[in-house]
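Residue 162 in our numbering sits at position 162 of the sequence shown; the count goes up by one each step and never skips.
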Amino acid sequence: MVMGLVSGRRRATSNASSRGSSVDGSDPIEDDTLVVEPDQGNVLSHIISQLRPGADLSRVVLPTFILEPRSMLERITNFMCHPEMLLPIPQIDDPVERFLGVVKFYLSGWHIRPPGVKKPLNPILGEIFSCYWDFPDNTRAYYISEQTSHHPPKSSYFYMVPGHHIRVDGTLKPRSKFLGNSAASMMEGIAILTLQNRGKDPTKGERYILTQPNMYARGILFGKMKYELGDHSYVRCPETGLVADIEFKTKGWVSGTYNAIGGTVKNEETGEVLYELSGLWSEEMFLRNVKTGHKEMFFNATKSKHSPPLSRPLEEQEERESQRLWAKTAQAVKERNHELATDEKTKIEETQREEAALRANEGVEWHPRLFRRVRGGPGGSEEGEEDLEWIINAQIDGKTPEKQAAQIMAIYPIIPGQKCEKRIVIPPRASFSESRPQTAHNNDSNLINLNNDGPSADDSRAPVLTPTLPTKVSEDSMSTKASSVSLKQTQGEKPPLDPNHRSTAEIQTMLAATGDKAKAGPLIDFHDDMKKALPANPKRADTEDSQDDVFVDAQG
1 MVMGLVSGRR RATSNASSRG SSVDGSDPIE DDTLVVEPDQ GNVLSHIISQ LRPGADLSRV
61 VLPTFILEPR SMLERITNFM CHPEMLLPIP QIDDPVERFL GVVKFYLSGW HIRPPGVKKP
121 LNPILGEIFS CYWDFPDNTR AYYISEQTSH HPPKSSYFYM VPGHHIRVDG TLKPRSKFLG
181 NSAASMMEGI AILTLQNRGK DPTKGERYIL TQPNMYARGI LFGKMKYELG DHSYVRCPET
241 GLVADIEFKT KGWVSGTYNA IGGTVKNEET GEVLYELSGL WSEEMFLRNV KTGHKEMFFN
301 ATKSKHSPPL SRPLEEQEER ESQRLWAKTA QAVKERNHEL ATDEKTKIEE TQREEAALRA
361 NEGVEWHPRL FRRVRGGPGG SEEGEEDLEW IINAQIDGKT PEKQAAQIMA IYPIIPGQKC
421 EKRIVIPPRA SFSESRPQTA HNNDSNLINL NNDGPSADDS RAPVLTPTLP TKVSEDSMST
481 KASSVSLKQT QGEKPPLDPN HRSTAEIQTM LAATGDKAKA GPLIDFHDDM KKALPANPKR
541 ADTEDSQDDV FVDAQG
């Protein structure tokens, strides 16, 4: 995703910036323009030589001096960095006030950005980032993300605060384009914020669907470089019928201003506009009650202080975790050692290409490690969440915050000291359809080939590299049962059912739903009964004068 370009920066001299730079601990306001250094002109020329109008920027090699020294998976956490706006929302009884609380939280994160016009590092396929926040009331928020596709890029994430009944599921799908003197990131994908203590259905909670504005880097060929948010985004609550239509306004050629917003909050069922939004997303935003005409400060970014997340030390992280994966690249970017940053970044990208080529040559499909396909569609358990595409592959249903926290931390290490069980390569939970072996022409939408340069995402004819299995069938028990099948089967010994067989997996799934674990070996064995009905010494027979089939024993 292209956020823009940066190498130098200027501090804004507006009054708002002065206020933001005060000693009250608030975040300083930085100007979004870029001063290109002389030694970077050739690099820009290199970029320009690759660009054509309408070109896909995910295929363009960008220089490291424009990079923010962190992955997109980590940058997504900007959205969660104002917990003081989020945590009180589930306790608000009035549905309109509760909705306004969600809108305020949504708008509070956009001012958090690096100075200048930068882009985060593009996550590689299977990259993972996890982190957490500790709050003053002794509660904790957890975040887990994974890059579930590389071409096209898709970043899936999960956030939850068990002590406050808050959960967020999201998938970000940026689509970048070159538009002459601008580069645009069309921010497709959605996030679903769920208040688990609200809503008519306690199993689903009250859901809020959030979209994002698009992002633009202006002046990449001539003039001052500028980062802008543009176009419409929405916050919608299907249950209450409330929707916020928020326009992030881009500056016109003649009139207008940077970073402006406008919008309305209305009841979709009646069409009544309840509130109007205005101001600057980087400074002060206002809310006006249409009925009374009262206007008040909604959120002041110049006085706010965001809460960055905490993460495990690098030495505790796996090689494919964002901070460890990009550590050398990020350090070189911070030191402005662009040659070293390019070398380190290239090593990672080349490894990813080699992995994609290997999967293509061996005919295997890649599957996310921590996320699974959404079970949507009419009657599906996650109907209405189809645009997420991927959702965390775990059941978080503990009766207490402590039990929920334990379930979350069992997905993947999040806090310092947690160990990663490397032997567990099979996701801990799978749907009925996901447990079935694939046939040569199976178009099951639950499988997707996400190779960088290999078969297309819709080609599901290749065998699965790491198949998912029902929860109650552990990896150890599967390997033990499989190894118990020996050559003695050919000598008449009753063989146990193959645990990978579809019928066994289906029976295990049904038994798991009742809470009983299936025992090892066949559930019902008709082996002896079938032998009684067969001839004593069946032999192969080929007939040319009879239309009737003659029984053939495959072992005869």
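Virtual Cβ for every residue (Gly too), placed ideally from N, Cα, C.
Which one of the options has the shortest CA to CA distance from residue i?
i      : options                        : result
Ser71  : Met85, Ile92, Leu125, Glu97    : Leu125
Gly377 : Phe371, Glu386, Leu370, Arg369 : Glu386
Thr194 : Val161, Ser322, Pro401         : Val161
Ser149 : Ile128, Phe135, Trp133, Arg167 : Ile128
Gly223 : Ala244, Trp253, Ile166, Val243 : Trp253
Asn181 : Lys204, Glu206, Met225         : Met225
Ala341 : Arg375, Glu354, Trp326, Phe135 : Trp326
Val96  : Tyr208, Lys204, Pro53          : Tyr208
Gly189 : Thr203, Leu179, Lys173, Lys177 : Lys173
Arg218 : Ala183, Lys204, Thr203, Met187 : Ala183
Tyr132 : Val102, Pro83, Gly379          : Pro83
Pro308 : Cys81, Tyr159, Asp137          : Cys81
Ile192 : Glu269, Phe135, Val103, Pro115 : Val103
Pro152 : Glu389, Ile396, Arg324         : Glu389
Met187 : Thr346, Lys154, Lys204, Glu354 : Lys154
Glu402 : Ser381, Arg336, Pro202, His164 : His164
So, at 7 angstroms on beta carbons, what are the nonlocal neighbours of residue i in its own chain, with the 5 sequence-adjacent residues on each side left out?
i      : result
Leu107 : Trp281, Met285, Phe299
Met297 : Glu284, Phe286
Asn289 : Tyr275
Arg98  : Ile89, Ile92
Ser320 : It is Arg, not Ser, that sits at residue 320 in the sequence shown. So the qualifying residues of the chain are Gly126, Glu127, Ile128.
Glu344 : Lys328, Thr329, Ala332
Ile220 : Leu5, Asn181, Ser182, Ala183
Would you decide whether residue i is buried or exposed? Buried here means 16 or more other CB atoms lie within 10 Å of its CB.
i      : result
Leu310 : exposed
Ala302 : The sequence as given places Thr at residue 302; Ala does not occur at that position. Per the 10 Å Cβ criterion, buried.
Ser484 : Residue placement at Ser484 is poorly supported in this model, since its pLDDT is 36, which falls under 50; the coordinates still yield a value, given next. Looking at its Cβ environment, which holds fewer than 16 other Cβ atoms inside 10 Å, Ser484 is exposed.
Asp169 : buried
Asn122 : buried
His294 : exposed
Val273 : exposed
Thr77  : buried
Thr171 : buried
Lys291 : exposed
Leu67  : buried
Pro120 : buried
Pro69  : buried
Lys266 : buried
Leu87  : buried
Leu314 : exposed
Pro53  : exposed
Gly271 : exposed
Glu383 : exposed
Glu228 : buried
Glu544 : Confidence in Glu544 is poor, its pLDDT being 44 and thus under 50, which makes the residue's placement too unreliable to answer from.
His441 : Model confidence at His441 stands at a pLDDT of 38, short of 50, so the residue's coordinates are unreliable; what they give is reported in the following sentence. Answer is exposed; the Cβ neighbour count stays below 16.
Pro115 : buried
Quick one: give me the first and last residue of the beta strand (DSSP E) that residue i is part of.
i      : result
Gly279 : 273 to 280
Gln147 : 140 to 149
Met186 : 182 to 195
Met297 : 295 to 300
Val102 : Premise fails: Val102 lies in the alpha helix (DSSP H), 95 to 108, not in any beta strand (DSSP E).
Lys249 : 242 to 249
Met285 : 284 to 289
Leaving aside the five residues before and after residue i along the sequence, list all residues of the same chain whose C-beta is less than 6 angstroms from its C-beta, in chain order.
i      : result
Glu247 : His232, Gly262, Gly263
Pro416 : Arg312
Pro557 : Shown here, the chain extends from 1 to 556; a query on residue 557 therefore has no answer.
Val23  : Low confidence applies to Val23: its pLDDT is 35, below 50, so where it sits in the model is not reliable, and the reading given next is rough at best. Here the set comprises nothing.
Tyr258 : Lys251
Glu206 : Leu195, Arg198, Gly199, Glu239
Arg372 : Asn393
Ser278 : Gly262, Phe286
Which residues bound the alpha helix (DSSP H) around residue i?
i      : result
Ala394 : Looking at the DSSP string, Ala394 is not in any alpha helix (DSSP H), and its letter there is neither H nor E.
Lys224 : Per DSSP, Lys224 belongs to no alpha helix (DSSP H) and is neither H nor E.
Thr346 : 338 to 362
Pro83  : 83 to 86
Ser624 : The question about residue 624 has no answer, for the chain in this structure spans 1 to 556.
Pro401 : 401 to 409
Leu73  : 72 to 75
Report yes if the C-beta of residue i is less than 7 angstroms from at least one heavy atom of the ligand NAD; otherwise report no.
i      : result
Glu349 : Among the components of this structure there are no ligands whatsoever, and the ligand NAD is therefore not found.
Are at least three pairs of beta-carbons, each pair with one atom in the stretch 403 to 417 and one in the stretch 130 to 149, less than 8 angstroms apart? yes
Do the stretch 212 to 224 and the stretch 237 to 245 meet, that is, are 3 or more Cβ pairs less than 8 angstroms apart? no
For the 8 angstroms Cβ check, are there 3 or more pairs between the stretch 330 to 347 and the stretch 98 to 112? no
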